[in-house]
Amino acid sequence: MVLPREHIAQVLTSIPMFSGLDKQELGEIIRLTRSVEFQAGQTICRQHEPGDSMFVIATGRAEVLISKEPGQFIPVAKLGPGELIGELALIDAQPRSAQVTALSKLEALQIMRSDFQKLQDKFRPATYKVTRRIALTVCARLRATNQNIVNAINPNNEEPLEELPAPRSKSFWQGLVEKVKGVQG
Amino acid sequence: MSLSASERSFIKGLRMFHGFSSEEKTEIASRFVSVEMEQGETLFRSGDDAMSCYVLLKGELEIWLDQEHIHEKVSRVFPGDIFGHIALLDGGQRSAMCKAARTSVVLELSMFDFADLISPSKPLGFKFLRALTEIVVNQMRTTNDVLTRLAVKEQASNRPRPPTNPDLIQSIQEAAGMTVASHIGGIDLNDVEVVVSDADQHRQYNRKG
């Protein structure tokens, strides 16, 4: 199965990560993509396996599952068209932290990190822009977490800390603020 | 003042520049200046516009949350740590205060030199961006990991109770959710169920309330 190029372009440009690209740059990214198809119930990626690629869902829906014990899965999120699976695999190799299973017939675009890095090593502007987008997204997430921590320890917060059982709340907040390193800009 | 020979080799030896050519490392090191700080001296406060990013050469710095009603030390900076780069990457403001825990030397890269080094007009800019992106991605993994583990610890300590802070719970949920959805790794699966059940508690709590 191969998605029409026009559909691929449409899917990619709807995603912030690829939205700043000009036509030629988008073309370079499109050439990196491979259309893949999954049937309902089929596994898109497995937990603990090394993340070697990212997926962009073009059509269909998928479920994110984590397993506590072998064979026992807990659904934690649902994904649909335009959503990404494992985009940080473009930056570095980490084991997948969950399983993703197709809920329906699903078409996706797959980009391998090795292919992205080859393009990056040629210093193509498309890879610069995509990397920059990823960096900005990650910065925004770090800032949001930081702000949530600030809100959490703010004594003027609507739901003050005193409502927490004292002994363990103290260690929780202490642990939180002391261990979340590097969140600060 | 500009760097001494030993300060230059300190910059060139940083792990983030591992894949850079010798010329590129020399170019980067030439952009830094060295700044001495007295104990207690403040480098920046939260809300400040970011003018520079830094690498700590000697001494020790403290990071304090210093927003309204909050004054809390949250982490420390040790030699070799790069800090202050997020606000240069995203053009935002400082989200915390940084001050010297004791006499320290920081190596400073101004926003102008930063912009020059990260510019896509040269191969160096691609490498510089990629190195920084790897750093922030790692920071996020660490943060998510810590949040998840703390949520578990909190949960594990016997008594069930309603979470009292929706922001924090949301933060943990988001961190866990993003971790899972992005497959970015570093998350203990035993922990996630706890986060999920914590979230359930929160919903129950809301309904009852």
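Residue numbers (my numbering), protein chains in the order written: chain A, 1181 to 1365; chain B, 2 to 210. All residues carry an ideal CB built from backbone N, CA and C; glycine is no exception. Because the structure is a prediction, the values reported are computed rather than measured.
- Put simply, the CB of A/F1218 is far from chain B, with every gap to its CB atoms at 7 angstroms or more.
- Residues of chain A whose Cβ lies closer than 7 angstroms to the Cβ of B/M38 do not exist, since the nearest Cβ in that chain is about 17 angstroms away.
- Secondary structure at B/P80: coil, using DSSP grouped into helix, strand and coil.
- In the DSSP assignment, A/L1206 falls outside any beta strand (DSSP E) and lies within the alpha helix (DSSP H) extending over K1203 to L1212.
- Per the C-alpha coordinates, the member of B/K74, B/E109, B/L118 and B/G93 positioned closest to B/D82 is B/E109.
- In the three-state scheme derived from DSSP, where H, G and I count as helix and E and B as strand, A/A1315 is classed as helix.
- Three or more beta-carbon pairs drawn from the segment 26 to 36 of chain B and the segment 104 to 121 of chain B are found closer than 8 angstroms, and the two stretches are therefore classed as touching.
- Counting of Cβ neighbours within 10 angstroms places B/H86 among the buried residues, the total reaching 16 or more.
- With a threshold of 7 angstroms between beta carbons, B/E61 makes no contact with chain A.
- A/P1255 sits close to A/L1245, with the two beta carbons spaced by under 7 angstroms.
- With respect to A/V1318, B/V137 sits close: the two C-beta atoms are nearer than 7 angstroms.
- Of all residues in the segment 1270 to 1304 of chain A, the ones placed with a Cβ closer than 7 angstroms to any Cβ belonging to chain B are I1271, D1272, Q1274, P1275, R1276, S1277, A1278, Q1300 and F1303, in chain order.
- One alpha carbon belongs to B/E135, the other to A/Q1290, and they sit about 21 angstroms apart.
- The three-state secondary structure of B/M112, taken from DSSP, is helix.
- Judged by DSSP secondary structure, A/L1286 falls within the beta strand (DSSP E) whose first and last residues are L1286 to M1292.
- Ranking A/I1195, A/Q1204, A/A1238 and A/E1205 by CA distance to the CA of A/L1286 puts A/A1238 first.
- Nearest to B/G20 by C-alpha distance, out of B/L133, B/Y55, B/T143 and B/R95, is B/L133.
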